[in-house]
Every structure is written in C-alpha cells, then in structure tokens.
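Some notes on the structure that comes next.
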Amino acid sequence: MEIYKKPPDFKEVANKWWTQDRLKKIMGDKNYTITPLNAPLLLRSLGLLNSDASISPDNLKKFIQINHMFNLLEPHFEDLVKRHKKVCILDAGCGKSYLTFLLAWCFIEKWKHPVEIIGVDTNTKIIKSCNEKAEKLGYSSILKFESASMLTYKWDKETRPNAVVALHACDTATDMALSFAIKQKADFIAVAPCCQAELARKWKDSETSHPMSPVFHTPQVRREIAAHFTDALRICLVRSKGYEVTATEFVPSAHTPKNRLITCIRRGNHLESAEKEFVSLKEHIGGNVITLEELLLNEI
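The numbers in the sequence shown follow our numbering, run straight up by one, and end at 303.
Written as structure tokens, this is what we have:
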C-alpha cells in the first residue's frame, strides 16, 4: 500500500532552494526589501518564482526592477506610516499590480501598520485576477481592486488618499492619475510615465512655421523629444499646485526606455513661479495643451 506524503509547504521549498550562495548571486550587495526567503508565497503568486522556488532569467530582471523601484519609494511610505494612523493608497492603472502587492506585504509583515490599498484598472480580467491573488494571499481585508477609468473614478472614502501611484500608465492615463491625486490633495504621488504620445501627435499636425519644425516633422526625433517635454510640462504643473517634484531614473536605460520615476510631495497649495515656468515652456514649444492642464482647469 502506497503511503501518501503531503507535498512540502512552498516556504519549506524556498528555504531549501535559496542558500546564501544563491541569494548572493541574484542580490549581490543590494539590500532588497522583498526576497525569495522572506516573501516566497508573494513572489510565487506574482509569477516570479517557479514551482521549485527557482527564478528564471526574465523573472530575475523583473524581481530586480520591482525591488529597486520599491527601495526608491520605501522612505516615502515609511514617512506616511509615521504621520497617519491608517494609510490610504490608490494604485491608478495598476495592471498586474506588482508594487501594490509588495506594499500590502510590507504593511502587514514589516511595518505592521493599518492600511487600505485600492488598485484601479480598466482591464476587467486583470482586476479579477488581482482580487483572486489578494484573497489567496490573505490580503483581501486591506487590498481590493476595482475596474474603472481614472477619468471618471470617484473616491468615496471618508479620508483622502495619502498616496497615489501610477506606474507605466500609458499616455494620458498618467495625466488622469496626476490630476486625480492633485485634486484629492494626496500627500505623496509617484508616477512612471509610459508611451506619452499626445504632444507628439499635436506636433505632427502642426502646420505653422516654428523654430522646432525640424523636430515636429521628424517622426523618431519628434516622439522621443515630445515625451521628455511632456514630462517637463507635467512637472511644472504639479509644482504649481504646491508639490515638491523629483524626477529620477529607476531602471538603467539599457533595460528599458520607460525609466523615469516622478515623485511628488505635497508642501502647499500653489507655487506661482512654477505656473509662470509652465506658461513660458508651453509657449516655447508650440503652445499645445496637454491633458493634465485641461483636467486641472476643471477644479473640484
């Protein structure tokens, strides 16, 4: 008679696989917050660890990327933990929600602090999958996902969101997230813009003579430069609303061109000098209106 053997717990599998030598190979001298040893179930649920707890080369890149991103953001969330009895976070355009799940893990396992996290995305299949993962991990009491557009999303909580994040929200979705966060007076905002093509489209249709016409009518150059100017305009607009804004590279450009992280800390309600900078820059590059400017005109 064959004796049934209970399959090993995944934590046990991870503990056996991840020797100090193997950890050192993937982490080097980096001090990552999330590791295969302290969060194996989380990383397995996110699809980053294989069934034997190993990690493939492609997933290793994602593991390093999300940890580096988290290390950049972690001090800001630790500050929110110190300032608020309960932290409210919105992930706009959450997608597969790597950061959202990492935050949930940290609030539960590391900071042990009350939190409410909401992920919003227009993709209903992704939202369903994320809610199922949250349930499976035991996070559903603090982490929920909703299907909605940030253009129409309504925050119906008693308190405002303390933080709004939008990582790789495509094109004008970043503007929608920024506008929502500013109008809600979020303490902290973090966005990593992606595929911002709005300004490039408007430049392409420009028929007037302008000093930047050679850029306007050269597709490859137009797209790249327009993306940089779009972020510059966004930075001016956010600063004009009383935020201290920093732009940093969070992934080496050799890995991806989508590597700009813009972090914003609320310091006040208005900064006139930044508003003047925005107007001047806008006029200098053709006078086109970007979505963030248009959305902020409709003040709540």
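Where a beta carbon is used, it is the ideal one built from N, C-alpha and C, also for glycine.
The beta carbons of Thr175 and Ser150 sit no closer together than 8 Å. Taking 8 Å as the cut-off, the beta carbon of Cys91 is found no closer than this to the beta carbon of Thr155. Of the residues Ile293, Met215, Phe183, Glu81, the one whose Cα lies closest to the Cα of Met153 is Phe183. Distances from the CA of Ala42 to each of Thr251, Leu105, Lys65 were compared; the closest alpha carbon is that of Leu105. In this chain, the beta strand (DSSP E) harbouring Phe148 covers 146-150. Setting aside the 5 residues that flank it on each side, Leu49 is surrounded in the same chain by Tyr101, Phe104, each with a C-beta closer than 7 Å to its C-beta; the list follows chain order.
Taking a contact as a CB-CB distance under 8 Å, the pair Arg269 and Ala189 counts as one, their CB atoms being some 7 Å apart. Taking the Cα of Lys99 as reference, the smallest distance to any Cα among Phe219, Ile121, Phe191, Gly141 is reached at Ile121. In the structure shown, the three-state DSSP call for Cys97 is coil.
When the alpha-carbon of Thr125 is set against those of Ile192, Ile185, Ala95, the nearest one is in Ala95.
Leu300 counts as exposed, since fewer than 16 other beta carbons sit within 10 angstroms of its beta carbon. Per DSSP, Ala166 is not a residue of any alpha helix (DSSP H); the beta strand (DSSP E) it occupies stretches across 166-173. Annotation: the continuous alpha helix (DSSP H) that includes Ala17 extends over 13-20.
Fewer than three Cβ pairs drawn from the segment 80-90 and the segment 50-58 lie within less than 8 Å of each other, which leaves the two stretches out of contact.
Separation of Lys27 and Arg86 (C-alpha to C-alpha, rounded to the nearest whole angstrom) is 35 Å.
With a beta-carbon spacing of about 14 Å, Leu274 and Arg237 fall beyond the 8 Å limit used to define contacts.
Straight across, the Cα-Cα distance linking Asp61 with Gly245 is about 40 Å. Assignment of beta-bridge partners to Val118 by DSSP yields Val90.
Taking a C-beta distance under 8 Å as the contact criterion, Asn70 and Ile29 do not qualify as a contact pair. Leu264 and Lys65 have their C-alpha atoms roughly 16 Å apart. Residue environment analysis places Pro117 among the exposed positions, since fewer than 16 neighbouring C-beta atoms fall within 10 angstroms of its C-beta. Classified as buried, Lys285 has 16 or more neighbouring CB atoms from the shown chains inside 10 Å of its CB. Straight-line spacing of the CA atoms in Glu227 and Ser216 works out to 15 Å. Assignment of beta-bridge partners to Glu247 by DSSP yields Ile268. Thr177 and Asn134 have their C-alpha atoms spaced approximately 23 Å apart.
Cα atoms of Val218 and Arg225: separation of roughly 5 Å, rounded to the nearest angstrom. According to the DSSP assignment, Pro196 belongs to the beta strand (DSSP E) that extends over 191-197.
Apart from the 5 residues on each side of it in sequence, Leu181 sits with its Cβ closer than 7 Å to the Cβ of Ile192, Val194, Arg237, Val241, Leu295 in its chain, given in chain order. Taking a C-beta distance under 8 Å as the contact criterion, Thr251 and Gln199 do not qualify as a contact pair.
Minimum Cα-Cα distance from Pro39 among the listed residues Lys33, Ile58, Glu77 corresponds to Ile58. For Tyr35, the CB contacts under 6 Å within the same chain, skipping 5 residues up- and downstream, are Asn70 in chain order.
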